[in-house]
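One structure is given below, encoded as structure tokens.
Protein chains: 2
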Amino acid sequence: MRIVICALFALGALCAQGTDDCKPSSLNIPGAPYPCVHPDRRVTFRVSAPDAQKVQVRLGGAHDMTKGADGLWMATIPPQVVGFHYYSIVIDGAVVADPATRTFFGSGWDNSGIEIPEASADAAYYSAKDVPHGQVAQRWYYSKVTGQWRRCYVYTPAEYDSNRTAKFPVLYLLHGWGENEQGWTSQGHVDFIMDNLIAAKRAKPMIVVMDNLNAVKPGGDASLYAGRGIISRRTLADVAPAPGGRGAGAPAAGAGRGAAPAGGRGGFPSNWGQVFTDMLLTDLVPMVEHTYRVAPGRENRAMAGLSMGGMQSFMTVLGNLDKFAYLGGFSGSSGGRGGFDPKTSNNGVFADAAGFNKKMKVLFLGIGSVEGPGTKTFSDELTKAGIHNVYFESPGTAHEWLTWRRCLNDFAPRLFK
Amino acid sequence: MRIVICALFALGALCAQGTDDCKPSSLNIPGAPYPCVHPDRRVTFRVSAPDAQKVQVRLGGAHDMTKGADGLWMATIPPQVVGFHYYSIVIDGAVVADPATRTFFGSGWDNSGIEIPEASADAAYYSAKDVPHGQVAQRWYYSKVTGQWRRCYVYTPAEYDSNRTAKFPVLYLLHGWGENEQGWTSQGHVDFIMDNLIAAKRAKPMIVVMDNLNAVKPGGDASLYAGRGIISRRTLADVAPAPGGRGAGAPAAGAGRGAAPAGGRGGFPSNWGQVFTDMLLTDLVPMVEHTYRVAPGRENRAMAGLSMGGMQSFMTVLGNLDKFAYLGGFSGSSGGRGGFDPKTSNNGVFADAAGFNKKMKVLFLGIGSVEGPGTKTFSDELTKAGIHNVYFESPGTAHEWLTWRRCLNDFAPRLFK
């Protein structure tokens, strides 16, 4: 196969030559040759839309596609950073998923995903290896707080099945805004990361529980979590603007801008995460501890999350230090925008630094290096206030899943030791 | 909300009045009001495609949508049969998933799904109820036969966790052509069906293992399984015609036409399912029996599948009666097209009826009543030849998931007794 791709730019035509070295994305549906990734990380897309007037691929910005003599639209876009990216196709104004890839729930809908591969050595920690494998289970449970059946995913390590009496500590791990409880498995490869860490004896065997941030009381407004803003712009034109003054289409707090704002700032209602905390403590933790072989007590319980899930984790854990001893925020926590006051922020939980440090075994703040300085600022502020914390920076990555895979890979080995 | 929908037909305009009684499909993304289902099972769709010239919804046939003053395209289509249906949207010739619904892997890609609800009493058996719940686990394992990491899903009943020494029988359960190992959970509700049967003591607690039909040796051609025909027509124009002489775009054997043909007929290569059988016996069964608490022996092992998965199950089990004692074909088996000869068909496995009946505890043939007479014919032929079998017919349903949910609900209680 030898193809020539021409993309029209403002100043003329740029032709790029694609050859067999353009490899199909690992997330393509079986047999689909496009999208494919070139060795220099350019990406070529192809879409069949024979009667369309204008077709674009949206990945980062919008890239015009060109219709060939065969009626297929193609585009080769500039080199992309490594890792997982959501993207979509725009066909005469309709924003849809590329039918050539598997879909992934992000921004509130099932859109396309592409994986720009790293060097295999760099990707080894989240790849399948010949080590003992755990599993990720889908489990339904009834929540009294929300009055609904909810679904969570539960990773259990290989040791859970091979040692049938042992009890295990638990990490509660959250996705970000517009995503759901499947994200850490589908986009994050939580299972391979944990399998590999545990096999290498870098992390203790543990259970990882992944639930859905969306938690409202019966009749409550779930639009904050469902990604209504973006959906509204796309297909749900009659949906009212989201609450909190951000209006339709506003991205999640923290998205792409470094650390997330504290509860009550950035347009979130001040009590936005309280129902989730109630649900977690009332319904989820008891279900998990009743169903699985769980080691008891706060020192066997951790919580972390990415972006909005990091904000939620800080809210839940800092308000319940009697129940959790480990806390992680991946591109999202409760600070980084200035205004931090150790005496009063987060209801004064940091006021007694020595007391806090004694209770909190690990306070972890992770971020991608291109997300901005907010998380580093928050870490420095905490350190200045005498609060022990771990700052982790993923080189060259943004507000995306590769940052969060790396965060988990650094965070999990610190737990339950 | 009070809306008026106008659909243009050949003879003029038909206006249907929609009101609040049009309920969003349960498979919509959170917050999406469309597609919605009317009490008479008409369905209204809405798509944002502001610059498109022609938009259709494909569900059964193709239905033209109409662009409103707000730039949104809408259509209300005639009453649909109950149950799960795949569907897609066509925007200026591009076949894509409706961004307003969750996607489901069928026909080789992630397309849209809609659930036309049954009366709640009829749907109770596959709905979440206040009974002990098992879980469905995603598990990776390495296959020596295919030289690849494979993924299966494993349902374990609530008893698996509550009785931590008990051993359980296993049902191996397969999806159909163009689908994958996720189908029985996402489209089939296997977990709720089994939870409810077991809680009612109608079925024995059992493990259900759901794998992927796609199994080829290293370097082999997976196109038979990947739905390449349909994909080719849509986006993969340079893919060569599928093997077996059916050409691009041919539907799966058995799809929509009653019972599936025997191996070697209908364009399938005569040995098409042999690699899967080898993989199952060499890799999957040993992994399952090593990993889970499994009761030993053929009388604790069953296999069933739908459509192409039914064909596969017949091939695997009839060739390995020393390893399986229960067999189910849901809208797919190994007969029904004439030419059945009890002395020679399926390598003569039915020639000694008494011996066969002694070994095979349950031989189950299920079908939707509108799929055609093939399966009933096959059942009658078997009966005439003295082969005990169970014929189950789902009233009013087609080659779709509601037929297969009902088949499982009838089949599972017959196992391991």
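As given, the protein sequences belong to chains L and X, one line each in that order. 5 is the number of the first residue of the first sequence in our numbering; add one for each residue after it. 5 is the number of the first residue of the second sequence in our numbering; add one for each residue after it. By construction, the Cβ of each residue, glycine as well, lies at the ideal position given by its N, Cα and C atoms. Quick caveat, the model's predicted, so the values are computed rather than measured.
Under the three-state DSSP convention, the category X:Ala-389 falls into: Here the question's residue 389 of chain X lines up with position 385 in the second sequence. It is coil, neither helix nor strand.
Whether X:Phe-318 touches X:Ser-335 by CB criterion (8 Å): For the purposes of this step, residue 318 of chain X is taken as the residue at position 314 of the second sequence. For the purposes of this step, residue 335 of chain X is taken as the residue at position 331 of the second sequence. X:Ser-335 sits away from X:Phe-318, with the two beta carbons spaced by 8 Å or more.
Positions along the segment 128 to 151 of chain L whose CB lies within less than 8 Å of some CB in chain X: Within the segment 128 to 151 of chain L, the qualifying residues are Ala-132, Asp-134, His-137, Gln-139, Val-140, Ala-141, Gln-142, Arg-143, Trp-144, Tyr-145 and Tyr-146.
Strand pairing of L:Met-214, partner residues [DSSP]: For the purposes of this step, residue 214 of chain L is identified with residue 210 of the first sequence, where counting begins at 1. According to DSSP, L:Met-214 bridges with L:Tyr-157.
Beta-bridge partners of X:Phe-354, as assigned by DSSP: Position 350 of the second sequence, counting from 1, holds the residue named residue 354 of chain X. X:Phe-354 is not bridged to any residue.
Classification of X:Asn-351 by the beta-carbon crowding that lies within 10 angstroms, buried from 16 upward: By 1-based counting over the second sequence, the position of residue 351 of chain X is 347. When all chains shown are included, X:Asn-351 counts as exposed.
Distance, L:Thr-379 Cα to X:Tyr-91 Cα: On the second sequence, position 87 is the one that residue 91 of chain X refers to. On the first sequence, position 375 is the one that residue 379 of chain L refers to. Spanning the alpha carbons of X:Tyr-91 and L:Thr-379 requires a straight line of approximately 44 Å.
Under 8 Å from the C-beta of L:Trp-153: neighbouring residues of chain X: What you label residue 153 of chain L is simply residue 149 of the first sequence in a count that begins at 1. The answer, in chain order, is Ala-132.
Any chain L beta carbon closer than 8 Å to X:Trp-113: Working through the second sequence from its first residue, we reach residue 113 of chain X at position 109. Against chain L, the CB of X:Trp-113 has a partner CB under 8 Å away; the residue lies at that interface.
Closer than 8 Å to chain L by CB, X:Ala-204: The residue labelled residue 204 of chain X in the question sits at position 200 within the second sequence. By this cut-off, X:Ala-204 is not an interface position.
From L:Ala-355, L:Asp-126, L:Leu-322 and L:Lys-221, residue whose alpha carbon lies closest to that of L:Arg-410: Numbered from its first residue, the first sequence carries residue 410 of chain L at position 406. Considering only alpha carbons, the answer is L:Asp-126.
Helix, strand or coil at L:Glu-303 [DSSP, three-state]: Position 299 of the first sequence, counted from the first residue, corresponds to residue 303 of chain L. Of the three classes helix, strand and coil, the one that applies to L:Glu-303 here is helix, per DSSP.
Local conformation of X:His-42 per DSSP, three classes: Locating residue 42 of chain X in the second sequence gives position 38, counting from the first residue. It is coil, neither helix nor strand.
Bridge partner(s) assigned by DSSP for L:Ile-93: Within the first sequence, the letter at position 89 stands for residue 93 of chain L. Answer by DSSP bridge pairing, in chain order: L:Val-61 and L:Val-100.
Chain L residues whose Cβ lies nearer than 8 Å to that of X:Lys-58: Within the second sequence, numbered from 1, the residue matching residue 58 of chain X stands at position 54. Taking the beta carbon of X:Lys-58 as reference, the chain L residues within 8 Å of it are Asp-55, listed in sequence order.
Neighbour flag for X:Ile-33 against chain L, beta carbons, 8 Å: Here residue 33 of chain X corresponds to residue number 29 of the second sequence, with the count starting at 1. Put simply, the CB of X:Ile-33 is near chain L, with a gap under 8 Å to one of its CB atoms.
Coarse secondary structure for X:His-294, derived from DSSP in three states: Along the second sequence, read from residue 1 onward, the residue named residue 294 of chain X stands at position 290. DSSP places X:His-294 in helix when its eight states are reduced to three.
Residue-chain proximity (X:Val-220, chain L), Cβ-Cβ < 8 Å: Locating residue 220 of chain X in the second sequence gives position 216, counting from the first residue. No, its Cβ sits nowhere closer than 8 Å to a Cβ of chain L.
Contacts around L:Arg-238, its chain only, beta-carbon distance under 7 Å, and the 5 residues preceding and following it disregarded: If you number the first sequence from 1, residue 238 of chain L lands on position 234. Caution is warranted here: a pLDDT of 46 is assigned to L:Arg-238, below 50, making its placement in the model unreliable, and no coordinate value can be reported.
Cβ contact check for the segment 178 to 191 of chain X and the segment 162 to 170 of chain L: 3 or more pairs under 8 Å: In short, these stretches do not touch, since the Cβ pair count stays below three.
Chain L within 8 Å of X:Ser-52, Cβ atoms only: As a first step, residue 52 of chain X is located in the second sequence; it is residue number 48 there, counting from the start. With respect to chain L, the C-beta atom of X:Ser-52 has a partner C-beta closer than 8 Å.
Per-residue burial, X:Ala-73 [other beta carbons within 10 Å of its own, 16 or more giving buried]: To locate residue 73 of chain X, count along the second sequence from 1; it is residue 69. X:Ala-73 is exposed by the Cβ-count criterion.
Interface flag, L:Pro-103 vs chain X, CB-CB below 8 Å: Residue numbering aside, residue 103 of chain L sits at position 99 when the first sequence is read from its first letter. Residue contact with chain X for L:Pro-103: present (Cβ-Cβ distance below 8 Å to some residue of chain X).
Separation of X:Met-198 from X:Ala-416, as counted between CA atoms: Sequence index remark: in the second sequence, residue 416 of chain X carries index 412 (1-based). Sequence index remark: in the second sequence, residue 198 of chain X carries index 194 (1-based). Approximately 8 Å, taken between the alpha carbons.
Closer than 8 Å to chain X by CB, L:Asp-287: As a first step, residue 287 of chain L must be located in the first sequence, where it is residue number 283. Between L:Asp-287 and chain X, the shortest Cβ-Cβ separation is not below 8 Å.
Distance, L:Gly-323 Cα to L:Ser-349 Cα: Here residue 349 of chain L corresponds to residue number 345 of the first sequence, with the count starting at 1. Here residue 323 of chain L corresponds to residue number 319 of the first sequence, with the count starting at 1. Each residue's CA atom was taken as its position, placing L:Ser-349 and L:Gly-323 some 12 Å apart.
Chain L residues whose Cβ lies nearer than 7 Å to that of X:Ala-125: Working through the second sequence from its first residue, we reach residue 125 of chain X at position 121. Correct list: empty, because the minimum Cβ distance to chain L is about 18 Å.
Integer Cβ distance of X:Tyr-330 from X:Leu-369, believed to fall under 8 Å: Counting from one through the second sequence, the residue named residue 330 of chain X turns up at place 326. Counting from one through the second sequence, the residue named residue 369 of chain X turns up at place 365. Going by Cβ atoms, the distance from X:Tyr-330 to X:Leu-369 rounds to 13 Å, so no, they are not a contact pair.
8 Å Cβ cutoff, L:Ala-98 in contact with chain X: By one-based count along the first sequence, residue 98 of chain L stands at place 94. With its beta carbon less than 8 Å from one in chain X, L:Ala-98 belongs to the interface.
Element boundaries [beta strand (DSSP E), containing X:Ala-141]: Looking up residue 141 of chain X in the second sequence gives position 137. It spans 139 to 147 - the beta strand (DSSP E) in which X:Ala-141 sits, taken as one unbroken run.
Nearest-angstrom Cβ-Cβ length linking X:Ile-120 and X:Val-174, presumed shorter than 8 Å: Here residue 120 of chain X is taken as the residue at index 116 of the second sequence, counted from 1. Here residue 174 of chain X is taken as the residue at index 170 of the second sequence, counted from 1. X:Ile-120 to X:Val-174, Cβ: 33 Å. No contact.
Closest residue to X:Ile-391 among X:Ala-306, X:Lys-365 and X:Trp-408 (Cα-Cα distance): Residue 391 of chain X sits at position 387 when you count from the first residue of the second sequence. Between X:Ile-391 and the set X:Ala-306, X:Lys-365 and X:Trp-408, the nearest pair of CA atoms involves X:Lys-365.
From X:Phe-420, X:Lys-148, X:Gly-372 and X:Leu-285, residue whose alpha carbon lies closest to that of X:Trp-405: Along the second sequence, one-based indexing puts residue 405 of chain X at 401. That would be X:Gly-372, whose Cα lies nearest to the Cα of X:Trp-405.
Beta-carbon proximity of X:Tyr-38 to X:Ala-101, cut-off 8 Å: Numbered from its first residue, the second sequence carries residue 38 of chain X at position 34. Numbered from its first residue, the second sequence carries residue 101 of chain X at position 97. The Cβ atoms of X:Tyr-38 and X:Ala-101 do not sit closer than 8 Å to each other.
Residues in the segment 85 to 97 of chain X having any Cβ partner in chain L nearer than 7 Å: For the segment 85 to 97 of chain X, which is checked against every Cβ of chain L, the residues closer than 7 Å are Ile-95, Asp-96 and Gly-97.
Contact set between L:Ala-226 and chain X, taken where Cβ atoms lie within less than 9 Å: Counting from one through the first sequence, the residue named residue 226 of chain L turns up at place 222. By Cβ distance, chain X contributes Pro-34 and Gly-35.
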